[in-house]
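Peer 1:
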Amino acid sequence: MNALTPLEAETSIALGAPVDVTIDAVAKDFGDSPALFGVSLDVRAGELVALLGPSGSGKTTLLRILAGLEAPSAGRVLFGGEDALGLPVQDRNIGFVFQHYALFRHMTVFDNIAFGLTVRPRASRPAKAEIRRRVLHLLNLVQLTGLEKRYPTQLSGGQRQRVALARALAIEPRLLLLDEPFGALDAQVRKDLRRWLREIHDRTGHTTFFVTHDQEEALELADRVVVMSKGRIEQVGSADDIYDRPASPFVFSFIGESTLLPVVIEGGAVTFGGDPTGLDVNKTERREAVLGFRPHDVTLVEDDAPAIRGRIVATRRHGGRRRLELQVGPDHLRAEIDVEVGDEQPLGTLVGFRPQRWRIFPA
Amino acid sequence: MATPLALGRRPGVIPGFGLTLGFTLAYLSLIVLIPLAGLVVRAASLGWADFMAIALDPRTLAALRLSFGVSAIAALVNAVFGLVVAWVLVRYDFPGKRIIDAVVDLPFALPTAVAGIALTALYAPNGWVGQYATMLGFKIAYTPIGIFIALVFIGIPFIVRTVEPVLADLDREIEEMAATLGARRWTAVRRVVLPTLVPALLTGFALAFARAVGEYGSVIFIAGNIPYVSEIAPLLIVIRLTEFNYAAATGVATIMLIISFILLFAINLIQAWSRRRLG
Amino acid sequence: MTDIAAPAPHHAARFQPAATERPAVRVLLTVVALAFLGLFLVLPLVSVFYEALSAGFGAFVKALGGRETASAIELTLLVAAISVPANLVFGLTASWAIAKFEFRGKSLLITLIDLPFSVSPVTAGLIYVLMFGAQGYLGPLLAEHGIKVIFAVPGIVLATIFVTFPFIARELIPIMQAQGTQDEEAALSLGASGWQTFFRVTLPNVKWALLYGVLLCNARAMGEFGAVSVVSGHIRGKTNTMPLQVEILYNEYMYRAAFAVASLLALLALVTLIVKSILEWRYADEIAATRRH
């Protein structure tokens, strides 16, 4: 079990704790529509991993396979080196938190949290007093002391979320799985609970997966982020890796605002629509590629210097700057750039710009 | 049966409030409230002593005991099997499911007299089903068991149709949650699913019970109608009427009416309670 | 670990989803449910047609041929033709008042409309006997003017209206409440009169729920036995409806004729169920969600 103190948990990740969960070439078909294509991932003990992706990317399916709520069509799942797929959901010892919490409405908060302990076979069931002690301890951990006699309908959304987490922790799970844990909450409550979840994780040290479609949440909270799209893993890495070194155009465009343009690389220069862009690469052979850049990473280019040029079709205020929407190239593609307030020009004006930071992806 | 309806309408442009509410109240009063009030007034005019004499008459007591007792047993049996039927219809798929689902409403559509003679033919000592009872040495038709059969028939849709929508609305994640917490299937059903069905089951039970207590047509053919043994309360009312003993008929009817209203009240309480608790 | 070829897991075949029962349990429960419904519902229905037709179709037609049976059919149709429209008008006015306006005592009114469902049919007959019978409140007055209500058609109609009283209203009230008043307010603001609004906006919005209610109301009106039995007096060829005719034939040991008439009523029930199911499948959203009768 993960009885690590916070300090041990921290260091063990840093030193490379043993692999706790192995997902090996896991695939899933629902009838004729595949949801996962051979997904593989190793997760170390005590890691907090975010499964990030748009809806339909397969992240929830992967979570449900880990929990034993779905069976994969192919592949293996190992917990601590041992096969987990042979275990029915009841024996996997998973703490699962559903997006809408799935609290038992006819039970008090106390009975909800105690449920996992009270359904154990008599031989392994703790005594009543011990169950009570543990439930009250967990209520304290999730800061709901005194609410044990309430019913779920008498709680706020954030309180329900914390009851759901306490209930999952009560069985001392070997793995904690959270499906969109903040999805049903207000923006402010989300932020508070996010910080709080990180604290709980650091104190309890459970290996944890959480599913989210919110990149900010994933980047802020997780030790590692797994970006998924259409049933495949696009990239696994730290927040910095994902943001600064995106492995694919999908990751680049999913994380943060971006524009992707089809370009041709010729003689070490990047050309767009046949014109040089003023961007250089150290590749010489001619090939087609995708240029990616973020709106705030561009500068305007005066006169006839090489640049990407386009007509302004819309402008809007964007924070401290102004966002221009341009039609660029012969195919009238959309590009977005940010300029200083005061630098903008009337709609229809032709402007040239050049990305300061940019990435080239294979076409 | 006074109706304290205050005519405080919401201001708005839609016409016809006075006309429609007036007609509704007039029609309701003429068809339902005044005739029912007539029954209550007639019972009240009996005087306490006479009323108690009718209520405590051994034949009345036997009929009431039979009606309420067998109705309770039939509603209980229906609660169990109705739950199974609702469960199967909501959760499983099998060929012909839609037809089966439609058949559940048969007792609502089939005239009670038709049900009565059909059940009698089936459960008579030489009937399709009754012959097997005869072989085992007991009788179904013309005994209280026959009454039970008829009251089960009449009550089936009440349980199924009250449990079905609640079961269909139940979030399956609740059951998955219980499983991840280690609960075996039966434990999850017993501790998580069934408790949320209790209000619907109680409501269905009360509806089936109330209907069974008042049921007449489907019972009298199969019951045998032997005083003190298989004579139900509604039949006793009819018998008293044919004897022109209006006082006794009124007395028995009033007792049944009071118990029905208590049941109706109980149903409303159950529903208010479950709305509060389960949101 | 990805270099290890992953075989299709043998677990998938015997994977047990968490939110359902094992296949054996599913089969068992399905068999129990079907056996229960088969024994208590299907078998009686089948036996009606079997008993009616067991001596062949010719005998069946002959058994239906009597003059008394014909007049019972006529009376049943007459009673339904009066009581169903009466309750239809009531259902529409009551649901209009309840759904389109706010007033105190509304929930009490809804409860009172449901009241006839909690009254035994026999009691329903009795209250009219106490009202209009020879010893009833209005009996002497009616006798003076030579009007017969009890042991005559008016009593049968009244008792039938009573037992079918809530059917149409309770289908219409929830759906009209759910639909609110916006459509009507829009129509009125466009210059439609109250009647135009009702016939061209409200009525089309509730037509399937209305048909549904009429269907159930009609089935009960034609099939009512207990209440009608108390007020009818069983005068052959005059005050016997079809269900009463079934009883008389049955009690006179004319089983074939009894089941022949009963089979016509069972046929009505079947048609009712079929049309009802079609309405539920096709217009589920447009029929009120409450299903308790």
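Chains as they are written, first to last, in the numbering used here: chain G, 86 to 448; chain L, 122 to 400; chain A, -9 to 283. From the three backbone atoms N, C-alpha and C, an ideal C-beta is built for every residue, glycine too. These numbers were taken from a predicted model, which means no experiment stands behind them.
Return no unless some Cβ of chain G is closer than 7 Å to the Cβ of ALA8/A.
Peer 2: ALA8/A counts as touching chain G.
Peer 1: DSSP beta-bridge partners for LYS113/G?
Peer 2: Note: LYS113/G sits in a beta bridge opposite LEU121/G.
Peer 1: Quick one: is PHE26/A near chain L, going by C-beta distance under 7 Å?
Peer 2: True, the Cβ-Cβ gap to chain L drops below 7 Å.
Peer 1: Have a look at LEU385/G and ALA272/G and give me their C-alpha separation to the nearest angstrom.
Peer 2: So the two alpha carbons sit approximately 35 Å from each other.
Peer 1: Using beta carbons (cut-off 7 Å, strictly below), is LEU226/G in contact with chain A?
Peer 2: It does not: the Cβ of LEU226/G has no partner Cβ on chain A nearer than 7 Å.
Peer 1: Answer yes or no: does any C-beta atom of chain D fall closer than 7 Å to that of LEU154/G?
Peer 2: The structure shown contains no chain D; its protein chains are G, L and A.
Peer 1: Going by Cα to Cα distance, which pick from VAL139/A, ALA247/A and VAL109/A is closest to VAL119/A?
Peer 2: It is VAL139/A.
Peer 1: For the region 310 to 337 of chain L, list every residue whose C-beta sits within 9 Å of some C-beta in chain A, in sequence order.
Peer 2: Of all residues in the region 310 to 337 of chain L, VAL310, THR324, GLY325, LEU328, ALA331, ARG332, VAL334, GLY335, GLU336 and TYR337 have a Cβ within less than 9 Å of some Cβ in chain A.
Peer 1: How would you write the range of the alpha helix (DSSP H) that PRO106/A sits in, first residue to last?
Peer 2: Segment: none, PRO106/A is in no alpha helix (DSSP H) and carries neither H nor E.
Peer 1: Is the region 278 to 297 of chain L touching the region 374 to 387 of chain L, taking contact as three or more C-beta pairs under 8 Å?
Peer 2: The answer is no - the region 374 to 387 of chain L does not touch the region 278 to 297 of chain L, with fewer than three Cβ pairs under 8 Å.
Peer 1: Applying a beta-carbon distance threshold of less than 8 Å, which residues of chain L neighbour ARG205/G?
Peer 2: Those are GLY303, listed as they occur along chain L.
Peer 1: State the beta-bridge partners of GLN320/G as determined by DSSP.
Peer 2: Its beta-bridge partners are VAL312/G.
Peer 1: Taking CB distances under 7 Å as the criterion, tell me whether LEU288/L reaches chain G.
Peer 2: It does not: the Cβ of LEU288/L has no partner Cβ on chain G nearer than 7 Å.
Peer 1: Closer than 7 Å between beta carbons: that is the criterion. Which residues of the region 144 to 173 of chain G meet it against chain A?
Peer 2: Of all residues in the region 144 to 173 of chain G, LEU154, ALA156, PRO157, SER158, ALA159, GLY160, ARG161, LEU170, GLY171 and PRO173 have a Cβ within less than 7 Å of some Cβ in chain A.
Peer 1: Which residues in the same chain as PHE50/A place their Cβ atom closer than 7 Å to its Cβ, once the five residues preceding and following it in sequence are excluded?
Peer 2: Closer than 7 Å at Cβ, skipping near neighbours: ALA42, LEU43 and ALA250.
Peer 1: Check whether the region 181 to 194 of chain A touches the region 103 to 120 of chain A, taking contact to mean three or more Cβ pairs, one atom from each stretch, closer than 8 Å.
Peer 2: Output reads no: the region 103 to 120 of chain A does not touch the region 181 to 194 of chain A.
Peer 1: Where does HIS381/G sit, in a helix, a strand or coil, going by DSSP?
Peer 2: Reduced to three states, the DSSP call for HIS381/G is helix.
Peer 1: Are the C-beta of ILE100/A and some C-beta of chain L separated by less than 7 Å?
Peer 2: Cβ-Cβ to chain L under 7 Å: no for ILE100/A.
Peer 1: List, in order along the chain, the chain L residues whose C-beta lies closer than 7 Å to that of MET121/A?
Peer 2: Those within 7 Å of MET121/A in chain L are PRO156 and GLY159.
Peer 1: So which residues of chain L does GLY170/A contact, with C-beta pairs closer than 7 Å?
Peer 2: Here the premise fails: no neighbours, minimum Cβ distance about 11 Å.
Peer 1: Quick check on DSSP: helix, strand or coil for ILE277/A?
Peer 2: Note: ILE277/A maps to coil in three-state DSSP.
Peer 1: For ALA199/G, collect the residues of the same chain with a Cβ closer than 6 Å to its Cβ; drop the 5 residues on either side in sequence, then sort them by chain order.
Peer 2: Closer than 6 Å at Cβ, skipping near neighbours: ILE216 and VAL220.
Peer 1: Within a Cβ cutoff of 7 Å, which residues of the same chain sit near SER73/A, ignoring the five residues on either side of it in sequence?
Peer 2: Excluding residues within five positions, the ones whose Cβ falls inside 7 Å are VAL147, THR150, ILE151, THR154 and ALA211.
Peer 1: Between which two residues does the beta strand (DSSP E) carrying VAL436/G extend?
Peer 2: Looking at the DSSP string, the run of the beta strand (DSSP E) that includes VAL436/G is 435 to 440.
Peer 1: Verify the CB distance criterion: does ALA387/L have a CB-CB separation below 7 Å to chain G?
Peer 2: No, no contact with chain G.
Peer 1: Counting contacts by CB-CB distance shorter than 7 Å, is ARG190/G in contact with chain L?
Peer 2: At least one chain L Cβ lies under 7 Å of ARG190/G.
Peer 1: Going by DSSP in three states, GLU174/A sits in which element: helix, strand or coil?
Peer 2: Three-state result, GLU174/A: helix.
Peer 1: Would you verify that the beta carbon of ILE151/A is, or is not, closer than 7 Å to some beta carbon of chain L?
Peer 2: Closer than 7 Å to some Cβ of chain L, the Cβ of ILE151/A qualifies, so yes.
Peer 1: If you measure from the beta carbon of GLY139/L to each beta carbon in chain A, is any gap under 7 Å?
Peer 2: Answer no: the Cβ-Cβ gap between GLY139/L and chain A never drops below 7 Å.
Peer 1: Find the nearest neighbour of ARG283/G within the set GLU305/G, VAL111/G and VAL296/G, judged by alpha-carbon distance.
Peer 2: ARG283/G has its Cα closest to that of GLU305/G, out of GLU305/G, VAL111/G and VAL296/G.
Peer 1: Chain L partners of GLY184/A, CB-CB under 7 Å?
Peer 2: Near GLY184/A (Cβ distances below 7 Å), the residues of chain L are PRO136 and GLY137.
Peer 1: Count Cβ pairs between the region 277 to 289 of chain L and the region 318 to 325 of chain L that sit closer than 8 Å; are there 3 or more?
Peer 2: The answer is yes - the region 318 to 325 of chain L touches the region 277 to 289 of chain L, with three or more Cβ pairs under 8 Å.
Peer 1: Taking any Cβ of chain A, which residues in the region 159 to 186 of chain L have a Cβ under 7 Å from it, in chain order?
Peer 2: If the cut-off is 7 Å between Cβ atoms, the region 159 to 186 of chain L has GLY159, LEU160 and ARG163 near chain A.
Peer 1: Answer with yes or no whether the minimum CB distance from ASP105/G to chain L is below 7 Å.
Peer 2: It does not: the Cβ of ASP105/G has no partner Cβ on chain L nearer than 7 Å.
Peer 1: When the Cα of LEU105/A is compared with those of THR363/L, TYR367/L, GLY338/L and LEU328/L, which residue comes out closest?
Peer 2: The option with the nearest alpha carbon to LEU105/A is LEU328/L.
Peer 1: Taking ILE266/L as the query, report the chain A residues whose CB atoms sit under 7 Å from its CB, ordered along the chain.
Peer 2: What ILE266/L touches in chain A: nothing, since even the nearest Cβ is about 14 Å away.
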